[in-house]
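**Student:**
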Amino acid sequence: VYRGSVKDFQGFDANQDAEALYNAMKGFGSDKEAILDLITSRSNKQRVEICQAYKSLYGKDLIADLKYELTGKFERLIVSLMRPPPYGDAKEIKDAISGVGTDEKCLIEILASRTNKEIHDLVAAYKDAYGRDLEADIVGDTSGHFKKMLVVLLQGAREEDDVVSEDLVEQDAKDLLEAGELKWGTDEAQFIYILGRRSRQHLRLVFDEYLKIAGKPIERSIRGELSGDFEKLMLAVVKCIRSTAEYFAERLYKAMKGLGTRDNTLIRIMVSRSEIDMLDIREVFRTKYEKSLYNMIKEDTSGEYKKALLKLCGGDDDAAGEFFPEAAQVAYRMWELSAVKVELRGTVQPAGDFNDDGDAQVLRKAMKGLGTDEGAIIEVVTKRSNAQRQQILKAYKAHYGRDLMADLKSELSGSLAKLILGLMLTPAQYDAKQLRKAVEGAGTDESVLIEIMATRNNQEIKAINQAYQEAYQKSLEDDLSSDTSGHFKRILVSLALGNRDEGPEDITQAHEDAKKLADVSSNDSSDSLETQFLSILCTRSYPHLRRVFQEFIKMTNHDVEHAIKKRMSGDVRDAFVAIVRSVKNKPAFFADKLYKSMKGAGTDERTLTRIMISRSEIDLFNIRGEFIDLFDKSLHHMIEKDTSGDYRKALLALCGGED
């Protein structure tokens, strides 16, 4: 199935098009609209024929005339479209290694993503265009393991056999683990050999096997074991093996997000993928970033340059509202990865030489007299487990006849006080307090209700109910019922019971559940829609729901989250999405919330504090890993950049390290 956005033009006439372009550039000025309309609606093969016809009719070089008549980014885009793909890649690489410095990102993008045939054609085109050997030029301009891997990729010798040996898959996964995580130092040659030579189908299975035996995705090991441009190249190879469309969707997003636009990257990808997989890239982009590629280009560019890029894009998926096979495939792979059991780890462990009375004395000394030693308080409180903090509370009262919480409250202030006092409560007491704050007074903080109720297990929910009753002499269910309404209230009340199944998946039942969700998603009755989703999402076990979501994708070619967003709105939609994301990958759910609490202007310190406290002994280490995978920066780095003073010091202590 053809997945490009640019197709052969029906009724094509090379001489007629050559004449139209000549007239568009004749005389004073040029008709840029006519040029972009014609060139972006012809396939590359047809553009090559137009170039030949133009030379035959007018004795002139069309590309030279276009360069003369057009300027800036628009000129670069149009001229790039006129080159055959291998010559386009050759020109990009030539520019990347010419002059002072090297554009390593360009080398990585092209060589990590091309097929064997595309690599062979590129090497031949480079020789033809520049009379030079591409391998020799790259060897002369790069170094180390980065150079070695580029040379391997330049051979275009990746295995193409789809018949996969299970024994070899297991052996390769084991060899990669032993070459990195289990070795003092890293055996880079093993990574180069396996990732540079094995077939795509084989490597996808190797990555799945690696996740099972290492307890982490191969990308995370690469980040930990390799560095610099070599690390970036190997990550690009892995991403392209998993999904080339997803790799390019990410590259396009990064080219346009934030201030400024990386126009060279944007042009290169829009041109090179327009006749290969632009439709797949669009679909993945829409799913991953909740925004269409078309709209992001529209907001980030201008003039004829924008018009030409939008023509290459080929359509607006926000307007279509559809979810397509490539995006479904990416979503399905994510569900499969999430089903692999990974050990959850907190960042705060019980202190080895714990002495509750000694810690009580340190805290008393830190608060006695004029001034407060915040550093000493942070050192004790963030380096003890919650159970040990409860012992310190008792020892403090026994030793001094004073309430440690009251003393801390009087000595500390602001964000640091909220963080330290939160750490001194039991997890259930802390969650109960957050829920109480969310429902009391004018207005309700639905996001806090959703975050806590959608992510806690049965045992945690029951402990919260008990702590809430003890602290406020009211039941949590009553407060939730009186402060919310409709389907949102019913979701929260169901979750507050703490009666979710805890058994394994039931494949037959999962198929039936998926069918119910699929049927009701295509039905117009809104009431039955929410009721059916509630009866399944709020009661089934996590392993079972993962199977339901996989079956749903098979049946509908949709991800269940897409169906929720398409058919629901407001707090009901947000609650169901939070449940789905928590089931899929709870550490990734919290990583996303932490990122949003710090990105942009200002910091949402309530969310940041709440998550750092509540996850510090459960899965904050895993959240750190997901954070760097998702956002290409560490949680430690973002906290360091976005907070200050003793509050920052305490948060970084809870974070537990730089990734």
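In my numbering, the protein residues as written are 14 to 672. Just so it is clear, CB atoms sit at the ideal spot from N, CA and C, and this is done for glycine as well. Just so you know, these numbers come straight off a predicted model, no measurement behind them.
#1: Within the continuous alpha helix (DSSP H) that includes P99, where are the two ends?
#2: Between the region 81 to 101 and the region 121 to 138, can you find at least three pairs of beta-carbon atoms closer than 8 Å?
#3: Just to confirm, are D313 and T274 a CB contact at a threshold of 8 Å?
#4: State the Cα-Cα distance for the pair L530 and I549, rounded to the nearest angstrom.
#5: Whose CA, out of K107, L166, R145, G153, lies closest to the CA of H133?
#6: Which residues in the same chain as A33 place their Cβ atom closer than 7 Å to its Cβ, once the five residues preceding and following it in sequence are excluded?
#7: Which of the three DSSP states, helix, strand or coil, is assigned to V165?
#8: Once you ignore the five residues that flank A588 on each side, which residues in its own chain have a CB closer than 7 Å to its CB?
#9: For S582, which residues of its own chain have a beta-carbon under 6 Å away from its beta-carbon, when the five flanking residues on both sides are left out?
#10: Here's the rule: buried if 16 or more other CB atoms are within 10 angstroms of the residue's CB, otherwise exposed. What is I241?
#11: To the nearest angstrom, how far is it from the Cα of G169 to the Cα of G209?
#12: Considering only the beta carbon of each residue, do L292 and K311 sit closer than 8 Å?
#13: Can you look up H571 in the DSSP assignment and give me helix, strand or coil?
#14: At the level of alpha carbons, what is the spacing between G228 and E194?
#15: Could you pull out every residue in the same chain whose Cβ sits closer than 7 Å to the Cβ of R580, ignoring the five residues on either side in sequence?
#16: Mapping the DSSP letters down to three states, classify K487 as helix, strand or coil.
#17: Helix or strand or just coil, what does DSSP make of K270?
#18: Going by C-alpha distance, which of R211, I205, C64 is nearest S173?
#19: Taking DSSP as the reference, what is the three-state secondary structure of F603?
#20: Identify whether A663 lies in helix, strand or coil by the three-state DSSP scheme.
#21: Contact defined as beta carbons within less than 8 Å: I believe T192 pairs with D200. What is the distance between those atoms, to the nearest angstrom?
#22: Are the region 366 to 381 and the region 645 to 657 touching by the rule of at least three beta carbon pairs closer than 8 Å?
#23: Helix or strand or just coil, what does DSSP make of N237?
#24: Taking the runs of the alpha helix (DSSP H) that are 4 residues or longer, which of them lie wholly in the region 516 to 591?
#25: Answer yes if the region 55 to 74 comes into contact with the region 109 to 121, meaning at least three C-beta pairs across the two stretches below 8 Å, and no otherwise.
#26: Which of the three DSSP states, helix, strand or coil, is assigned to T468?
#27: Along the chain, which unbroken stretches of the alpha helix (DSSP H) at least 4 residues long are found entirely within the region 369 to 402?
#28: Run through DSSP, which three-state label would Q23 get?
#29: Given a threshold of 16 other Cβ atoms within 10 Å of its Cβ, counted over all protein chains shown, does E356 qualify as buried or as exposed?
#30: Are the beta-carbon atoms belonging to M247 and F204 less than 8 Å from one another?
#31: Could you tell me if K606 is buried or exposed, where buried requires 16 or more neighbouring beta carbons within 10 angstroms of its beta carbon?
#32: Kindly indicate which residue of L448, R469, D514 has the alpha-carbon position closest to the one of S488.
#33: Nearest by alpha-carbon distance to I106: which of G42, A142, E88 is it?
#34: Looking only at its chain, what residues have a beta carbon closer than 6 Å to the beta carbon of R397, apart from the 5 residues adjacent to it on each side?
#35: Can you list, in chain order, the residues of its chain whose CB lies under 8 Å from that of L643, leaving out five sequence neighbours each side?
#36: Pick helix, strand or coil for G157, following the three-state DSSP scheme.
**Tutor:** Reading from the atomic positions:
#1: Note, P99: alpha helix (DSSP H), 98 to 110.
#2: yes
#3: yes
#4: 9 Å
#5: L166
#6: A47, L51
#7: helix
#8: I463, A467, F501, I504
#9: none
#10: At residue 241 the sequence reads Gly, which differs from the Ile that was named. Burial call: exposed.
#11: 9 Å
#12: no
#13: coil
#14: Taking the Cα positions, G228 is about 11 Å away from E194.
#15: These residues qualify, in order along the chain: S534, L542.
#16: coil
#17: coil
#18: A small correction: the amino acid at residue 173 is Glu; Ser does not occupy that position in the sequence shown. The shortest C-alpha separation from E173 is found at R211.
#19: helix
#20: For A663, the three-state secondary structure derived from DSSP is helix.
#21: The question names Thr, yet the displayed sequence has Ala at residue 192. Rounded, the Cβ-Cβ distance is 4 Å, consistent with contact.
#22: In short, these stretches do not touch, since the Cβ pair count stays below three.
#23: Note on residue identity: the sequence assigns Gly, not Asn, to residue 237. In the structure shown, G237 sits in a helix (DSSP, three-state: H, G or I).
#24: 520 to 534, 539 to 550, 555 to 569, 573 to 580
#25: no
#26: helix
#27: 369 to 380, 387 to 395
#28: DSSP places Q23 in coil when its eight states are reduced to three.
#29: Exposed is the label assigned to E356, since fewer than 16 other Cβ atoms lie within 10 Å of its Cβ.
#30: Their beta carbons are under 8 Å apart, which means M247 touches F204 by this criterion.
#31: buried
#32: L448
#33: Distances from the alpha-carbon of I106 to those of G42, A142, E88 put A142 closest.
#34: A364
#35: A601, A604, D605, Y608
#36: helix
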